[in-house]
Structures are given as structure tokens and as C-alpha cells.
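Every letter in the sequence shown is one number past the one before it in this note's numbering, and letter 451, counting from 1, is 1597.
For reference, the structure is listed below as C-alpha cells.
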Amino acid sequence: MSDDRGRVTSAHWGAARVFTEDGRIVRADPFEEDPDPSSIARILPQAVHHADRVARPSVRRGWLRGDRARGAGRDDFVEMPWDEALDIAAEEIGRIRRVHGNGAIYGGSYGWSSAGRFHHAQGQLHRFLNCIGGYVAHQGTYSLSAMEIMLPHIFGLGEIAFRHCTQERWSEIVAHTETLVAFGGINTKNAQTIAGGTGAHRTARHLRAFEAKGGTLVNVSPQREDSPAFSRWVPVVPGSDTALILGLAHELERTGRVDHRFLARCTVGYDRFRGYLLGHADGVAKDADWAAAISGVPAATIAGLAERMATTRTMIAMAWSVQRAENGEQPIWAAATLAAMLGQIGLPGGGFGEGYGTTDAGGTGPMRRLGGGALPQGTNPVRTTIPVARVADMLLNPGMPYQYNGEDRTYPDIRLVMWAGGNPYHHHQDLRRLERAWDKPDCIIVNDPWWTATARRADIVFPATTPYEREDFAREPSDPYLFHMPRLIDPQGEARDDHEIFRGLAARLGAEEAFTEGLDTEGWIARLYEDFREKSAEQGVAVPGFDELKARNWVLIDDAPQAAESVLAAFRRDPDAHPLPTPSGRIEVFSRTIAAMAYDHCPGHAVWIAPTEWLGTRGRYPLHLLSPQPGDKLHSQLEAALADEPGARPMQVAIHPDEGAARGIADGALVEVFNDRGVCLARARLTADVVPGVLILPTGAWYRPDGQGRDTQGNPNVLTRDIGTSRIAQGPTAQTSLVDIRAI
Ligand SMILES: Nc1nc2c(c(=O)[nH]1)N[C@H]1C(S)=C(S)[C@@H](COP(=O)(O)OP(=O)(O)OC[C@H]3O[C@@H](n4cnc5c(=O)[nH]c(N)nc54)[C@H](O)[C@@H]3O)O[C@H]1N2
Ligand SMILES: Nc1nc2c(c(=O)[nH]1)N[C@H]1C(S)=C(S)[C@@H](COP(=O)(O)OP(=O)(O)OC[C@H]3O[C@@H](n4cnc5c(=O)[nH]c(N)nc54)[C@H](O)[C@@H]3O)O[C@H]1N2
Ligand SMILES: [Mo]
């Protein structure tokens, strides 16, 4: 049977019109409403029907013998009928609960899984675990942990509130911003995705409008490609942004351009910061020459940029990569401080913002946050959490004390790990270390559609359906489209929905009624949709009934951005009447809360702290490795099929021609990238569009080590360092790693 018109479905990288023939997906075309569709979906047919799909429930042979050495991923698996595999898993979950308690279960299960409101893998897992007594959860994200912790300290607002209700939206930027200074750039490659899917990509359109009206986009980045061609590239040494920002701040002081009136009305603690900036405390003025020596940006460029920022309407934008680094808290604080010194915070098109272009949701402004439609997860009786990126620390060091945002904590003793919808062997740093940590628990259970590196290192693997094999609906709060996600094909192999997998486990653990509340999948989708519809109606937004949505496939909802004044505009207008929810009610250039943490690295205002690995270190490894997000996919998803394309693996690593010449590396040469932590293969791409000394190796290759532990696909996480940003946010630090490279 062929399906001539295809049907539209949503995905993180955008909606697509998907065509099937004889029960198989044969093509995925761009969604016709999308002016800038992503090409990621093109590989869908090959990925969904790939031989690397998990066909049946599988149990690791070694685990059946009582062997925990799973981290190296060398074991083979025994396929089993569903009932048998579910029995084994339920028995082990039950045993661990009885003997060690629910506090021994790690169910954080970080990862993007797939769009769709009901079949959200983590949500299903968390609900299941809460129904059986709870689990150790995680806090924060790999994306922006430092931002999530710092924005409340500085502005008193959570990151989402800041991004959606406070910082300037694109329309304001296009209308008012003259200079957009983007640390880490604004790259439409990243704006292909949003967590809840997107109907019509908009970032590229906004950038074109900004260009057309003559705005200046300054791309402060180690890579020219991080912003569109019309931007001005300011090449910067990775990890040095804080120093560069301090240099800009010093220029404002030196030239008398600081807006002291704004600082006095709207901020606290500028004097403390100023003493540091001018070198009163340590005798080191953080001036343009000082900043130039650290950042590689010439002092004259710093002076020119500072002048431009002070004399034009300026928005300081920061990509999340900049804070995914050691002391990633500092560039955010420094940038917010610089914006305060410029005195443009709360003016149209001015101030500090983050996440523009990081996903397509950046700069969407205050949308009506249509609530509802999310699977209720219940309450978790286990109170223990960890900062998300400290998972290997936790597994390796039960009982070890650590500090986190002013709290003293200890790591729990984890016996069971359950993962659904994430790929830690993609997302975590220092994968060889993760392998050692992975051998610690008694049991690891993974649901995934594919044999990812994580699935290959699990004890029990449950094959999950992809979104194309089940019905759902998609609704991203920052996007005006609403999608029915039809079941396009039957589940492949013996795959089951995550909900069905957890229902099977819940039934065996006496919690089926609690988990399902007597509803089947269809009943749940109807309940979530009705909930979404009712909450939308409360906001005055009309949403069709589910049957109508099903018939229409997708609809555009009238969900225009609210015209409400932004929190910062109101604050600026009258800081006493509209104080920020910080301890002082003002923007905290100096934070007593952070100073009181008494962490030796942070005195309570933004500071430059040299990373332990960066180009200023004269160690054994001379090159700085950056591992940005891949342009041709989302993280490690669809990798099975992408890796099959001729010449696609190992991944390409970008390197400056001078560095290539110094090492006898030609364009296209097979290379090894290495340091003490690991080695991976890659293929050299010589380009003058990266700063000398910097290697760019995007993430997303599946980890596939050879006999010597050398990753064959080009996964940068065999090389990255697994330490927290600092004791404040304990975020991941993937961008702080030194390596070397050699031709082979
Ligand atoms: N070196 C380095 N590392 C990084 C980063 C970096 O910049 N540099 N970035 C970090 C960031 S920001 C992030 S967000 C993470 C992303 O890391 P992850 O979110 O873990 O990466 P994904 O590949 O999206 O993992 C999703 C997994 O869910 C599976 N999946 C999809 N749909 C379903 C489903 O319906 N059910 C189930 N059970 N599984 C499903 C997919 O097959 C895939 O294996 O990576 C981080 N890692
Ligand atoms: N196509 C695609 N889009 C994605 C994703 C994906 O996997 N694929 N993932 C999504 C997710 S989960 C997230 S969190 C976002 C992440 O969004 P970001 O974190 O903003 O994106 P990255 O690609 O990691 O980094 C952007 C650029 O920052 C630059 N950079 C790195 N280090 C430094 C530094 O020290 N200083 C400066 N100034 N620049 C630096 C690098 O050149 C890099 O290309 O992307 C989202 N968008
Ligand atoms: Mo992310």
C-alpha cells in the first residue's frame, strides 16, 4: 500500500511530511509551512529501518552469570520473549528495592528522547519509578547548568523565565538593536531544533531581517562559521571570554563610558567588582592589553568594540557552549555585569540575553505558556538528587561529600540505573571513566530503539518504538503549530512503547493501577490532550478537539506572543515598584549569597580564573578541543544510518592549515586525536576559519572503541574532561579539554 500524500509528524528538528509504502517509511519531505526546514529528517527511512534497531528484549550474557563488567561493551546478549525479560527485570528491581531501598535507584535518565507529549520516555520512567517508591533524580541539564544556576543569582529569575519573559525577543532586536555581540555566535545549524519540535523555523528569518536593516552582528567565537556571512568575526581563544569581557568593561571605565546612574538605581555591588576590575585588590588592571594577552583579541579591537557597544544600542548575547566549560558561571556573570555598565538593560533591543540561535526557541519572547498536556509524574518520595553531569562521580564515589550551589551533600550508593530516552555514551564526558563507573551498579536497564553505545553497555535492553510507530500529539510552547503525530508504521521488530514497557514492569511490581490509573494509551492521550485544551481555553486560546486535529493533521493555533512589558523593562522603569526577585531586589553584580558560599575560586562577583586546560596552559597537549553540536542531526540520534554514508565516519575534525602543516596533516587525512584520557579517529578538515590551536570535532558519533580502546567513529567525549564547572553549578565542562593530533 502506498500513501500518496504522506502525513505530517513532528520531531525535535522540525515537522516533516512522511511517506510510507508497504509498511515502511520511504521518504520524509520538508513540512510545507516551514520557510527554512531542516534537512535532518532526510535520513529517517534509513534510520527507522536500520539493522541496528533493537529487535527483541535482550539480556547481557555476562550479567546472567553475575558479572558486572559491562562498561567496556564487549559482552553479547541473549534475546528473550517479552514476558521473560520483564520478569527478570522486575525481579531485580524488586530485590534492589527490598535490600537497598529506592534511594539506590538512579532514574535521572537525562536525554532528549523524542518530541510528543505522551510518549516522553523520561516522563514515563519517572512516573513508573514514583509509583514504586521513588528514585534518585538529577537537577539541571548538560545544556546550560551554569546558566540555570547563575541567572537566579544575578537576575532572580529561572532560565526559562529569563529567556521567555525578560530578555529581548527577536522582533525587538530586529527593530532596535544596532550591535549584537554574540559570544559563541548565532548559528542556524543549532536553531534547527527545539525540545518540543518546531513547525516553522524562524531564527534564520530573524537573522536575515537583522542583516537587511543594517544591524551589526559581532561573532565572538573560535570559529567563523558560528554566525552568518554578514557578521564580523572576532576570533577568540576558547575559554577566555571572561577575560575579554573584563577587558571591554575596563575600557568603559577608562573612557568614562560607564552608566553610573543605571548601576546605582538598578544594581548592587558594582564597587566591589570595580576594585577587582581596576586591580585595586590584586594589582592587576584587567585592561585591554591584559585581556588581549589572554583572549588573543587585539587591544585595539577590544577598544573599538567597547566604544561601539557604548555608543550604539547593544545586545550582548551568549551561546550556551561558552558556559559548558570550567568556571562556566563566570562568563555569564561578566556579560551581565558588562551589560549593566552599559546601562541598556531593560531598553528595547539592549541588555543581556542568551540562547539566541542555540535552539529555535531562543528570543521568542513572552508567549502564552499554554499549560497542560504533560504526563503527570507523581511525587518522588526519595529526596536525593545529583547535579546531572556528576553521574560518573556518583557511581564511582558513593558516600563522598561534594558541594553544590552552597549546599554540602554526599553521593548516594546506587545499585540500579534505569535509562530511557538518553544516551550517556553520547552525552557524558570522559567516556573511559564512565566505563569504569558503569561497572559499579548491580544492574543497568536501558530502553532505546537502537543499539546505541549505552544499550550495548546495559544488562537488560528493552526495544522502544520510535515516534513513527505510535500515536501522539506535539505542542512546543514557543511554537504556534499543533501536530497530531499519527502512527505511520507498525512497531519494528518487537518494539514496544515506553509506556507499555513500564506498564509491564509496574504490573509485576504490584503498581499497575497506580501507573495506568485504569487508562490505556489511547485513554491517556485523550486525557492529556483534553487537559491541554482546557488550559488553553482558560488562556483564551481555541484548540480543536482531538478528532478534528487528527483529521486535519496539524493546525496553527492563535497563540500570539503576549504584548506584556518585559520584567526587566518594568524593573528599569521603576526598580522600587518592580524589584527583581534577588535578595537585594536589584541586579546582583556582587552576590552576598555566592560570597557566603566561601568557595575559594569565587569572591562574589565575576572573575577571570584561568581554566586548568586551555591554550594558556603550556602542558603536554597543545591544542584546544571544542565539541559543538552536529549540524546534520540531533546529538546521537539517527546516527546508525548517518554512519553508513560513504566516508561519513570517522567524523571530520576542523584544524587550522598552519597546525596541519606543522604536523604533516593534509586535508582529508585520517588522524588520531588524543590525550591522557583517550584516543579517537577522525578525518582532518583544514580550514582557516578556526583559530590556530583549536580543533573542532562535533558530537554525535556513536562510541565504538577498537581493541586498544581507540574510538573508531570520532566521538569527542573520549577526550573531554569530567569535572564540574565549579562548586557553584557543577555543570558539565565539555569545552575545556586539551588534546594533540597526529596523522596515521
Ligand atoms: N563533548 C560534548 N558532549 C556533549 C555536549 C557538547 O557540547 N560537547 N552537549 C551536551 C548536551 S547540551 C546535551 S543536551 C546532550 C545530549 O545527549 P542526549 O540527549 O543523551 O543525546 P540523544 O542522542 O538525543 O539521546 C537520546 C536517546 O534517546 C533515544 N530515543 C529517541 N526516542 C526515544 C523513545 O521514544 N524512547 C526511548 N526509550 N528512547 C528514545 C535515542 O535513540 C537516543 O539514543 O549531550 C551533551 N554532550
Ligand atoms: N543541529 C543540531 N542543533 C542542536 C543540537 C544538535 O545536536 N544538533 N543540540 C541542541 C542542544 S541540546 C543544545 S544544548 C544547543 C547547544 O547550543 P550551544 O551550546 O550554543 O552550541 P554548540 O554547538 O555547542 O556551540 C556553539 C559554538 O560555540 C563556540 N564556542 C565553543 N567554546 C567557546 C568559547 O569558549 N568561547 C566562545 N566565544 N565560543 C565558543 C563553538 O565554536 C561552537 O560552534 O544546541 C541545540 N541545537
Ligand atoms: Mo543540550
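All residues carry an ideal CB built from backbone N, CA and C; glycine is no exception.
Please read these numbers as outputs of a predicted model, since none were measured by experiment.
{"Check": "Given a threshold of 16 other Cβ atoms within 10 Å of its Cβ, counted over all protein chains shown, does Q1685 qualify as buried or as exposed?", "Outcome": "exposed"}
{"Check": "Do H1645 and T1667 count as a contact pair if the criterion is CB distance below 8 Å?", "Outcome": "yes"}
{"Check": "So, at 6 Å on beta carbons, what are the nonlocal neighbours of W1316 in its own chain, with the 5 sequence-adjacent residues on each side left out?", "Outcome": "H1352 and G1509"}
{"Check": "Does the beta-carbon of G1442, which I'm using as the reference point, lie nearer than 7 Å to any heavy atom of ligand 2?", "Outcome": "no"}
{"Check": "Where in the region 1777-1809 do unbroken runs of the beta strand (DSSP E), each at least 3 residues long, occur, reported from the N-terminal end onward?", "Outcome": "1798-1801"}
{"Check": "DSSP puts G1824 in a beta bridge; with which residues?", "Outcome": "N1821"}
{"Check": "Tell me which residue opens and which closes the beta strand (DSSP E) that F1894 is part of.", "Outcome": "One cannot answer for residue 1894 here, as it falls past the ends of the chain, which runs 1147 to 1890."}
{"Check": "State the DSSP-derived secondary structure class of H1574, mapped to helix, strand or coil.", "Outcome": "coil"}
{"Check": "Nearest-angstrom Cα distance between L1297 and A1815?", "Outcome": "43 Å"}
{"Check": "Report yes if the CB atom of R1243 is closer than 8 Å to the CB atom of G1279, and no otherwise.", "Outcome": "yes"}
{"Check": "Here's the rule I'm using: 16 or more other beta-carbon atoms within 10 Å means buried, otherwise exposed. How should L1580 be labelled?", "Outcome": "buried"}
{"Check": "What are the start and end residues of the beta strand (DSSP E) that includes S1367?", "Outcome": "T1362 to S1367"}
{"Check": "P1878 and R1470 - do their beta-carbons sit closer together than 8 Å?", "Outcome": "yes"}
{"Check": "Buried or exposed: V1164, going by 16 or more other Cβ atoms within 10 Å of its Cβ?", "Outcome": "buried"}
{"Check": "Among R1370, A1328, R1536 and I1560, which one has its Cα closest to the Cα of G1503?", "Outcome": "A1328"}
{"Check": "What residue ranges within the region 1393-1452 form continuous alpha helix (DSSP H) runs of no fewer than 4 residues, ordered along the chain?", "Outcome": "1406-1412, 1416-1423 and 1434-1441"}
{"Check": "Report all residues from its chain with a CB closer than 8 Å to the CB of T1600; omit the five preceding and five following residues, and keep chain order.", "Outcome": "W1565, G1568, N1569, P1570, Y1571, H1572, V1592 and D1594"}
{"Check": "Using 8 Å as the threshold, is the C-beta distance between V1382 and G1442 below it?", "Outcome": "yes"}
{"Check": "Determine the contact status of W1670 and F1408, defining contact as a CB-CB distance below 8 Å.", "Outcome": "no"}
{"Check": "Express the C-alpha separation of I1340 and G1450 in angstroms, rounding to a whole number.", "Outcome": "36 Å"}
{"Check": "Counting Cβ pairs closer than 8 Å, one from the region 1723-1741 and one from the region 1320-1338, do we hit at least three?", "Outcome": "no"}
{"Check": "Measuring alpha carbon to alpha carbon, tell me which residue in D1233, G1656, I1869 and G1793 is nearest G1860.", "Outcome": "G1793"}
{"Check": "For H1440 and A1480, which I take to be in contact (beta-carbon distance under 8 Å), what is that distance rounded to the nearest angstrom?", "Outcome": "Strictly speaking, residue 1440 in this sequence is Ile, with His absent from that position. That pair is no contact at about 13 Å."}
{"Check": "Could you check which residue in A1250, D1643, G1269 and D1677 has the C-alpha nearest to that of Y1256?", "Outcome": "G1269"}
{"Check": "At a cut-off of 7 Å, would you count D1213 as near ligand 1, judging by its Cβ distance to the nearest heavy atom?", "Outcome": "no"}
{"Check": "Confirm, please, whether the CB-CB distance from I1755 to N1473 is below 8 Å.", "Outcome": "yes"}
{"Check": "Going straight from the alpha carbon of G1217 to that of G1262, what length do you get?", "Outcome": "31 Å"}
{"Check": "Count the other CB atoms, across all protein chains shown, that sit within 10 Å of the CB of K1432; report buried if there are 16 or more and exposed otherwise.", "Outcome": "buried"}
{"Check": "Of the residues D1559, S1377, C1311 and L1398, which one's Cα is nearest the Cα of E1500?", "Outcome": "C1311"}
{"Check": "When the Cα atoms are used, what is the spatial distance from R1764 to L1884?", "Outcome": "10 Å"}
{"Check": "Assign W1228 to one of three DSSP states: helix, strand, or coil.", "Outcome": "helix"}
{"Check": "Pull up the distance between the alpha-carbon of W1209 and that of K1586, whole angstroms please.", "Outcome": "12 Å"}
{"Check": "Just to confirm my understanding: we take R1602, look at its own chain, exclude 5 residues before and 5 after, and list those with CB closer than 6 Å. What are they?", "Outcome": "G1219"}
{"Check": "Identify every run of the alpha helix (DSSP H) within the region 1552-1602, keeping only runs that are complete inside it and at least 4 residues long; order them along the chain.", "Outcome": "1570-1573 and 1577-1584"}
{"Check": "When DSSP builds the beta bridges, which residues end up paired with H1770?", "Outcome": "V1840 and L1884"}
{"Check": "Is the region 1621-1630 close to the region 1243-1252, with three or more CB pairs under 8 Å?", "Outcome": "no"}
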